[in-house]
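*Asks:* Residue numbering for the sequence shown follows the numbering used here, starting at 92 and increasing by one per position. We put the beta carbon where it would ideally sit given N, CA and C, even for glycine. Below is one structure. I have some questions about it.
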Amino acid sequence: MILIHRPAQTTGPAGQSLDRYVLPPGTPIPDDALWIDLIEPTREEDKLVEVHLNIEIPTREEMADIEPSEILYHENNARYMTARVLCSSETDTPKLIDVSFILTERALVTVRYGEPRSFSMFMARAGKPGGCRHQPEAVLDGLIETIIDRAAEILGTVGSRIDRLSQAIFENERQGAKRAASYRAALKSIGRKGDIISNVRESMVSVERMLLFLSASMPRPQKTSGYQSEWRTALRDVQSIEEHATFLSNKIQFLLDATLGLVTIEQNDIIKIFSVMSVIFLPPTLVSSLYGMNFKVMPELEWDFGYAWAITLMILAAVMPYLFFRWKRWL
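Here it is in structure tokens:
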């Protein structure tokens, strides 16, 4: 699918915005198209854009390359940049998708195989008066800013959830199987949040590389157009998000270690109970074993209260170790 974004029919700098529509199959791309958004494009759609702008659209396999020289390069007066953008972050299976940005003098081309929310957020903003200037660099700057804002929003949400999870872990008053089930749920939640933080950090690293390449490759006459300073600001924002992601990763690691430590303490308490029970019942077992021997001469067998004597002795042999453990505060 090809989404076309072109300047809206408004006047005045404050009214600059973009109109959007889906390009019907077989329809030529309008000359005033400012942003061409390719969503899971077919080969025919790629060729249509290539002919219109005299560029080459990277394939999905080329977009997934990890070498900087393969995803950040300059060719035919166009700058090719690929970044990893968060997608499906609201679900239990967040992921990263590769998005290619091709900046030309006539238009910005984006190639993506997913629906990151940052794109829909920018589309909604760009359609409002004053939402986006009528320049390809302005569209790219707005997209980068929205991707960064979305990453910061996700980190803020994850941070709040981590705080609630921390309270649930350290203030767990449940007992027995319910407590064990809560620890298992906490470990799963920690793992999911760790994945999201890792995805945010990886996304910001790719955006940071893209901003550095964009600033270095911008032609000299355009370096005074104002976008250079905006990209430097975006770069500082990215670095701040990376630092916050590192802080949350350390917090997640602490919660993971603390949860595993609490699970270990829980297991040690269970083992301690079994150990104490075995020690408590060992003396009565010894007494019963003694009186179970088949000796001919056992005076207690002739006593009228021999049975009561044996029972009392076994009870005392069990109670004394128990009282000793209570005195030592081992129970």
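Rounding to the nearest angstrom, what Cα-Cα distance links LEU303 and LEU326 in this structure?
*Replies:* Residue 303 sits at position 212 when you count from the first residue of the sequence shown. Residue 326 sits at position 235 when you count from the first residue of the sequence shown. So the two alpha carbons sit approximately 8 Å from each other.
*Asks:* Does any CB atom of chain D fall closer than 8 Å to the CB of ALA259?
*Replies:* The structure shown contains no chain D; it holds only a single protein chain.
*Asks:* Taking buried to mean at least 16 other C-beta atoms within 10 Å of its own C-beta, is GLY233 buried or exposed?
*Replies:* Translated into positions along the sequence shown, residue 233 becomes position 142. Buried, by the Cβ-count rule.
*Asks:* Closest to SER320 by CA distance: which of PRO132, PRO159, ALA229 is it?
*Replies:* Stepping through the sequence shown from its first residue, residue 320 is reached at position 229. The shortest Cα separation from SER320 among PRO132, PRO159, ALA229 belongs to ALA229.
*Asks:* Pick helix, strand or coil for GLU166, following the three-state DSSP scheme.
*Replies:* The sequence position of residue 166 within the sequence shown is 75, counting from 1. Three-state result, GLU166: strand.
*Asks:* Report the partner residues of HIS96 according to the DSSP bridge assignment.
*Replies:* Along the sequence shown, read from residue 1 onward, the residue named residue 96 stands at position 5. Bridge partners of HIS96: ARG111, TRP126.
*Asks:* Leaving aside the five residues before and after ALA198 along the sequence, list all residues of the same chain whose C-beta is less than 8 Å from its C-beta, in chain order.
*Replies:* Position 107 of the sequence shown holds residue 198. Same-chain partners within the cutoff: ALA124, LEU125, TRP126, ILE127, LEU144, PRO227.
*Asks:* Report the rounded CA-to-CA distance for MET212 versus THR237, giving the unit in angstroms.
*Replies:* Counting from 1 along the sequence shown, the entry for residue 212 is found at position 121. Counting from 1 along the sequence shown, the entry for residue 237 is found at position 146. So the alpha carbons of these two residues sit roughly 7 Å apart.
*Asks:* Is the CB-CB distance between VAL202 and LEU114 below 8 Å?
*Replies:* Mapped onto the sequence shown, residue 202 falls at position 111. Mapped onto the sequence shown, residue 114 falls at position 23. No; because the gap between Cβ atoms is not below 8 Å, this pair is not in contact.
*Asks:* Quick check on the DSSP output: the alpha helix (DSSP H) that includes ASP254 runs from which residue to which?
*Replies:* Counting from 1 along the sequence shown, the entry for residue 254 is found at position 163. It spans 227-261 - the alpha helix (DSSP H) in which ASP254 sits, taken as one unbroken run.
*Asks:* Using the rule of at least 16 other Cβ atoms within 10 Å of the residue's Cβ for burial, across every protein chain shown, is PHE415 buried or exposed?
*Replies:* The count along the sequence shown starts at 1 and reaches residue 415 at position 324. Exposed, by the Cβ-count rule.
*Asks:* Would LYS342 pass as a contact of ILE281 if the rule is Cβ separation under 8 Å?
*Replies:* To locate residue 342, count along the sequence shown from 1; it is residue 251. To locate residue 281, count along the sequence shown from 1; it is residue 190. Their beta carbons are not under 8 Å apart, which means LYS342 does not touch ILE281 by this criterion.
*Asks:* Can you tell me whether GLN313 is helix, strand or coil according to DSSP?
*Replies:* Your numbering for residue 313 matches position 222 in the sequence shown. Only weak support is given to the placement of GLN313: the predicted model assigns it a pLDDT of 48, under 50, and the value that follows is read from those uncertain coordinates. Here GLN313 sits in helix by DSSP.
*Asks:* Using C-beta distances below 7 Å, list every residue in its chain close to TYR274, excluding the 5 sequence neighbours before and after it, in chain order.
*Replies:* Here residue 274 refers to the residue found at position 183 when the sequence shown is read from its first residue. Around TYR274: THR350, LEU353, VAL354.
*Asks:* Using only the alpha-carbon positions, how far apart do GLU166 and THR150 sit?
*Replies:* Position 75 of the sequence shown, counting from 1, holds the residue named residue 166. Position 59 of the sequence shown, counting from 1, holds the residue named residue 150. For GLU166 and THR150, the distance between alpha carbons rounds to 16 Å.
*Asks:* Do the stretch 286-295 and the stretch 178-189 make contact, defined as three or more Cβ pairs closer than 8 Å?
*Replies:* Cβ pair count under 8 Å is three or more, so yes.
*Asks:* Excluding the 5 residues flanking TYR112 on each side, which residues of the same chain have their C-beta closer than 7 Å to its C-beta?
*Replies:* Walking along the sequence shown from the start, residue 112 turns up at place 21. These residues qualify, in order along the chain: ILE95.
*Asks:* Could you tell me how far apart the beta carbons of LEU109 and ALA217 are, in whole angstroms, since I believe they sit closer than 8 Å?
*Replies:* Within the sequence shown, residue 109 is the residue found at index 18, counting from 1. Within the sequence shown, residue 217 is the residue found at index 126, counting from 1. At roughly 4 Å, the Cβ-Cβ gap stays under 8 Å, so LEU109 and ALA217 are in contact.
*Asks:* With a threshold of 16 other CB atoms inside 10 Å of the CB of GLU136, please say whether the residue is buried or exposed.
*Replies:* The residue given as residue 136 occupies position 45 in the sequence shown. By the neighbour-count rule (16 or more Cβ atoms within 10 Å), GLU136 is buried.
*Asks:* For PRO412, which of LEU392, ALA401, LEU373 has the nearest alpha-carbon?
*Replies:* Start at 1 with the first residue of the sequence shown, and residue 412 comes out as number 321. Among LEU392, ALA401, LEU373, the Cα nearest to that of PRO412 belongs to LEU373.
*Asks:* In or out: ALA272 buried (at least 16 other Cβ within 10 Å) or exposed?
*Replies:* Position 181 of the sequence shown holds residue 272. Exposed.
*Asks:* Determine the direct distance from the alpha carbon of PHE338 to that of LEU177, and round the result to whole angstroms.
*Replies:* Taking the first residue of the sequence shown as 1, we reach residue 177 at position 86. Taking the first residue of the sequence shown as 1, we reach residue 338 at position 247. Each residue's Cα considered, the two are about 19 Å apart.
*Asks:* Terminal residues of the continuous beta strand (DSSP E) containing ILE188?
*Replies:* Residue 188 sits at position 97 when you count from the first residue of the sequence shown. Start and end: 186-194.
*Asks:* Measuring alpha carbon to alpha carbon, tell me which residue in GLN107, ALA99, LYS138 is nearest GLY117.
*Replies:* Reading the sequence shown from its first residue, position 26 is the one you call residue 117. Among GLN107, ALA99, LYS138, the Cα nearest to that of GLY117 is on LYS138.
*Asks:* Figure out for me which residue from SER209, GLY221, PRO220, ILE146 has the closest Cα to the Cα of LEU194.
*Replies:* As a working mapping, residue 194 is identified with position 103 in the sequence shown. LEU194 has its Cα closest to that of ILE146, out of SER209, GLY221, PRO220, ILE146.
*Asks:* Near LYS419, what residues of its chain come up, given a Cβ to Cβ distance below 8 Å and the 5 sequence neighbours on each side ignored?
*Replies:* Along the sequence shown, one-based indexing puts residue 419 at 328. Cβ neighbours of LYS419 beyond the five flanking positions: none.
*Asks:* Just to confirm the assignment, what range does the beta strand (DSSP E) spanning LEU199 have?
*Replies:* Position 108 of the sequence shown, counted from the start, is the residue given in the question as residue 199. Where LEU199 is concerned, the enclosing beta strand (DSSP E) stretches over 199-203.
*Asks:* What residues in its chain sit with their C-beta under 6 Å from that of GLN258, if we drop five residues either side in the sequence?
*Replies:* In the sequence shown, counting from the first residue as 1, residue 258 sits at position 167. Cβ within range, chain order: n/a, list empty.
*Asks:* Would you call THR102 buried or exposed, if buried means 16 or more other Cβ atoms sit within 10 Å of its Cβ?
*Replies:* The residue given as residue 102 occupies position 11 in the sequence shown. The predicted model places THR102 with a pLDDT of 49, which falls under 50 and marks its position as unreliable; any figure quoted below should be read in that light. THR102 is exposed by the Cβ-count criterion.
*Asks:* Alpha carbon to alpha carbon, how far is PRO119 from GLN100? Give it in angstroms, no decimals.
*Replies:* Here residue 100 is taken as the residue at index 9 of the sequence shown, counted from 1. Here residue 119 is taken as the residue at index 28 of the sequence shown, counted from 1. GLN100 and PRO119: Cα-Cα distance of roughly 20 Å.
*Asks:* So, using beta-carbon positions, are ALA242 and ILE162 closer together than 8 Å?
*Replies:* Position 151 of the sequence shown, counting from 1, holds the residue named residue 242. Position 71 of the sequence shown, counting from 1, holds the residue named residue 162. The answer is no: Cβ separation not under 8 Å.
*Asks:* Please report how far the alpha carbon of ILE402 lies from the alpha carbon of ASP360, in whole angstroms.
*Replies:* Within the sequence shown, numbered from 1, the residue matching residue 402 stands at position 311. Within the sequence shown, numbered from 1, the residue matching residue 360 stands at position 269. Straight-line Cα distance between these residues: approximately 30 Å.
*Asks:* Can you give me the Cβ contacts of SER209 inside the same chain, cut-off strictly under 6 Å, excluding the 5 residues immediately before and after it?
*Replies:* Working through the sequence shown from its first residue, we reach residue 209 at position 118. Answer for SER209: THR237, ILE238, ARG241, listed in chain order.
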